[in-house]
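Quick notes on the structure that follows.
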Amino acid sequence: MPGRIIEALKHCKTNNPVFLLDEVDKLYSGNQGSPSAALLELLDPEQNSTFHDHYLNMPFDVSKVMFIATANDIDRLEPALKDRLEIIEMSGYSLKEKVKICENHLLSRQLTKHCISPDYVNLDRKAIMAMIEEYTMEAGVRQLERNVASICRHVALRLAEVLNSDPGADVLPDMELPIHISESDIHQILKIKHMKRVKIVEKMRPLPPGVCFGLSVTTNGGRVMPIEASKSKGTGKIVTTGHLGKVLNESILVAKGWLGANAERFGLKTLEENDIHVHLPAGSINKDGPSAGTGLACALISLAMDIPLRSDAAVTGEISLTGHVLPIGGVKEKVLAAQREGLRRVVLPKTNEEEYLKIDEDIRHEMDIVLADTVEEVIGAMMEKSPVLAKL
Numbered sequence: 111m112p113g114r115i116i117e118a119l120k121h122c123k124t125n126n127p128v129f130l131l132d133e134v135d136k137l138y139s140g141n142q143g144s145p146s147a148a149l150l151e152l153l154d155p156e157q158n159s160t161f162h163d164h165y166l167n168m169p170f171d172v173s174k175v176m177f178i179a180t181a182n183d184i185d186r187l188e189p190a191l192k193d194r195l196e197i198i199e200m201s202g203y204s205l206k207e208k209v210k211i212c213e214n215h216l217l218s219r220q221l222t223k224h225c226i227s228p229d230y231v232n233l234d235r236k237a238i239m240a241m242i243e244e245y246t247m248e249a250g251v252r253q254l255e256r257n258v259a260s261i262c263r264h265v266a267l268r269l270a271e272v273l274n275s276d277p278g279a280d281v282l283p284d285m286e287l288p289i290h291i292s293e294s295d296i297h298q299i300l301k302i303k304h305m306k307r308v309k310i311v312e313k314m315r316p317l318p319p320g321v322c323f324g325l326s327v328t329t330n331g332g333r334v335m336p337i338e339a340s341k342s343k344g345t346g347k348i349v350t351t352g353h354l355g356k357v358l359n360e361s362i363l364v365a366k367g368w369l370g371a372n373a374e375r376f377g378l379k380t381l382e383e384n385d386i387h388v389h390l391p392a393g394s395i396n397k398d399g400p401s402a403g404t405g406l407a408c409a410l411i412s413l414a415m416d417i418p419l420r421s422d423a424a425v426t427g428e429i430s431l432t433g434h435v436l437p438i439g440g441v442k443e444k445v446l447a448a449q450r451e452g453l454r455r456v457v458l459p460k461t462n463e464e465e466y467l468k469i470d471e472d473i474r475h476e477m478d479i480v481l482a483d484t485v486e487e488v489i490g491a492m493m494e495k496s497p498v499l500a501k502l
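Using the numbering used here, read the sequence shown as starting at 111 and increasing by one per residue.
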């Protein structure tokens with residue numbers, strides 16, 4: 111048989127269709143070869159006019175085909191394959207968008223799959239929001255749809271329990287319809303199959319000195335990333351835990367280097383008299399990247415001065431050794447994560463202002479966004495009412 115590409119072209123009966131290559135980041139090499147290597151010729155505009163199919167044993171022109179590839183994590187793509195793609199980053203859905211998608215699409219689709227009339231179910235908007243905020247942690251809506259399916263099965267069971275044993279009898283003669291699903295019902299239905307998501311911000315409040323809320327981005331969207339620092343008598347040695355990558359470990363050294371260079375300004379004379387332990391919780395998860403630099407600097411200066419940071423604020427941004435705040439990625443996802451966790455303030459690099467302005471206006475109005483150029487400005491935003499500001 112012809113290969114999948116030629117077979118698909120034959121099925122389309124045209125030489126200029128649109129091909130969707132879904133989740134190419136999940137292609138793995140094996141004993142039979144590398145699928146991603148096979149895509150190199152296909153996606154290279156210099157070569158795909160003479161694409162070779164082994165079954166036909168002749169070149170075929172696929173240069174008129176538009177290829178659209180999707181990936182959850184572009185860092186997992188092979189460099190040669192990534193080089194042949196134009197990368198367009200898509201942001202995750204906001205809470206408001208997920209509610210609309212659930213109401214207008216997911217619910218009706220699952221009701222149809224479970225053969226339940228829309229007139230039989232009334233899913234409260236607060237219940238939908240509870241499902242999203244407490245039983246999902248994702249950028250998309252895949253888990254949300256599974257939760258909606260669980261609710262539909264619960265409704266189907268309730269309908270079946272009151273059916274008359276006579277198949278020809280009037281269905282549900284004594285049952286009050288529609289069945290109303292409230293927020294409390296959501297907890298009853300989903301608590302067995304799904305572990306309720308606990309907001310880490312609520313668990314860690316009030317923050318002790320040395321603890322800061324950072325922000326990160328994963329394949330599941332943005333998340334709040336606590337940064338913890340503690341000190342003990344020693345010689346200035348740094349210990350790190352939490353499955354940290356090379357870049358993140360270097361960010362810790364940069365933050366400590368900046369603080370050491372400015373210790374005299376802050377009146378810190380005992381910086382080298384203590385060992386410092388930096389930990390990022392969720393130790394089984396790999397963590398890397400430079401965007402925790404500002405959070406690390408805030409945690410270390412909070413620890414050194416024994417002054418807690420704001421517990422309603424999170425920060426993200428790379429820092430230089432001279433104290434400049436550098437741009438980072440995933441701005442929208444990080445702001446949405448802070449909003450989801452109930453944080454009010456987010457401190458972003460000033461150089462990310464353009465990405466910040468692309469966030470929905472209602473989210474920008476709800477959150478207090480601070481744009482900072484220097485580490486001093488970041489610390490000022492994170493220690494708003496601290497007497498330490500007089501030293502900055």
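Don't be surprised by glycine CBs; every beta carbon is placed ideally from N, CA and C.
- Residue 324 sits in a strand when the DSSP states are folded into three classes.
- In its chain, beyond the 5 residues on either side, 173 have a beta carbon closer than 8 Å to the beta carbon of residue 155.
- In terms of Cβ geometry, residue 392 and residue 337 do not form a close pair [threshold 8 Å].
- Nearest to residue 244 by alpha-carbon distance, out of 298, 201, 335, 224, is 298.
- By the Cβ-count criterion, residue 184 is exposed, with fewer than 16 other Cβ atoms from all chains shown falling within 10 Å of its own Cβ.
- Considering only 127, 210, 424, 178, the residue with the shortest C-alpha distance to residue 407 is 424.
- Taking residue 268 as the centre and dropping the five residues before and after it, the same chain places the C-beta of 289 closer than 8 Å to its C-beta, in chain order.
- Judged by DSSP in its simplified three-state form, residue 351 adopts strand.
- For residue 412, the enclosing alpha helix (DSSP H) begins and ends at 403–415.
- With a 10 Å radius around the Cβ and a threshold of 16 neighbouring Cβ atoms, residue 257 comes out buried.
- Inclusion of residue 291 and residue 233 in the CB contact set at 8 Å is warranted, their separation being smaller than that value.
- Going by DSSP, residue 469 is part of no beta strand (DSSP E) at all; its letter is neither H nor E.
- Residue 422 and residue 489 have their C-alpha atoms roughly 14 Å apart.
- Around residue 347, the same chain offers 385 as residues with beta carbons nearer than 6 Å, after the five sequence neighbours per side are excluded.
- If you ignore the 5 residues before and after residue 388, its C-beta comes within less than 6 Å of the C-beta of 339, 350, 362, all in its own chain and listed in chain order.
- For residue 129 and residue 398, the gap between their C-alpha atoms comes out near 34 Å.
- In the DSSP assignment, residue 189 falls within the unbroken alpha helix (DSSP H) covering 189–192.
- By the CB criterion at 8 Å, residue 401 and residue 433 fall outside the cutoff.
- A direct Cα-Cα distance of roughly 57 Å separates residue 264 from residue 431.
- Ranked by Cα distance from residue 294, the first of 237, 209, 192, 221 is 237.
- DSSP places residue 145 in the uninterrupted alpha helix (DSSP H) bounded by 145–153.
- The shortest CA-to-CA distance from residue 396 to any of 369, 335, 382 is the one to 335.
- Here DSSP, grouped into helix, strand and coil, assigns residue 382 to helix.
- Residue 296 holds the alpha-carbon nearest to the alpha-carbon of residue 260 among 250, 271, 296.
- Residue 217 and residue 224 have their alpha carbons spaced roughly 11 Å apart.
- For residue 333, the enclosing beta strand (DSSP E) starts and ends at 331–343.
- Straight across, the Cα-Cα distance linking residue 376 with residue 150 is about 55 Å.
- Within the DSSP bridge table, the entry for residue 177 names 129 as partners.
- Beta-bridge pairing by DSSP links residue 360 to no other residue.
- If you check the CB distance, residue 249 and residue 331 come in under 8 Å.
- When only Cα atoms are considered, residue 198 and residue 178 end up about 10 Å apart.
- Apart from the 5 residues on each side of it in sequence, residue 318 sits with its Cβ closer than 8 Å to the Cβ of 418 in its chain, given in chain order.
- For the options 333, 326, 445, the alpha carbon positioned closest to that of residue 309 is the one of 333.
- Under the three-pair Cβ rule at 8 Å, the region 442–453 counts as touching the region 462–474.
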